[in-house]
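Asks: Throughout the sequence shown, residue numbering follows my numbering, covering 2 to 107 in sequence.
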Amino acid sequence: MADKSLYISGNAPSILLDSGKECQSYENKTLQEIVAAATEEYDESAKVDTSAGVNTTRTLPYTVQYQESDYDFICRLAKYYGEYFYYDGSKLIFGNKLQETIDLGE
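(1) Quick one: residues in its chain with C-beta nearer than 6 Å to the C-beta of residue 25, no 5 flanking neighbours on either side, listed in chain order?
(2) Is DSSP giving residue 55 helix, strand or coil here?
(3) Considering Cα atoms alone, identify which of 39, 71, 37 and 32 is closest to residue 55.
(4) Determine the extent of the beta strand (DSSP E) in which residue 72 is found, giving its start and end residues.
(5) Just curious, the beta strand (DSSP E) that residue 94 is in, first and last residue?
(6) Does the beta-carbon of residue 58 have 16 or more other beta-carbons within 10 angstroms, so that it is buried, or is it exposed?
(7) Smallest Cα separation from residue 53: which of 6, 95 and 103?
(8) By DSSP's criteria, residue 87 is part of a beta bridge. Which residues make up the other side?
(9) My output table needs one value for residue 26: the three-state DSSP class, helix, strand or coil.
(10) Could you check what DSSP says for residue 19 in three-state terms: helix, strand or coil?
Dropping the structure here:
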């Protein structure tokens, strides 16, 4: 008898940011500007929302992404500067401000 199960799998849009290792440098940019620049080539679904604000607002003199995916780079920035980086069920968020609760249903 054939297996009649249905298997569904999915991924958050963050998987698009994990498409390969990159090398990039950023001079005199804020965290928000760096994250925006690192994700500018992606579709809207993979853009990272920084509109809620970040704790680190100063201009960073020099920041390097070396042989790491855009996802790993943004994770490293979040960890180093104490910022949150997460998927809220509809978009990727970078920053520390609390977001509106979204009901995902059943």
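Heads up, the beta-carbon is just placed ideally off N, CA and C, and yes, glycines get one too. For clarity, every value in this text was computed on a predicted model and none was experimentally measured.
Replies: The short version:
(1) 66
(2) coil
(3) 32
(4) No beta strand (DSSP E) contains residue 72, which is instead part of the alpha helix (DSSP H) from 71-82.
(5) 93-95
(6) Per the 10 Å Cβ criterion, exposed.
(7) 95
(8) Under DSSP, the beta-bridge partners assigned to residue 87 are 94.
(9) strand
(10) helix
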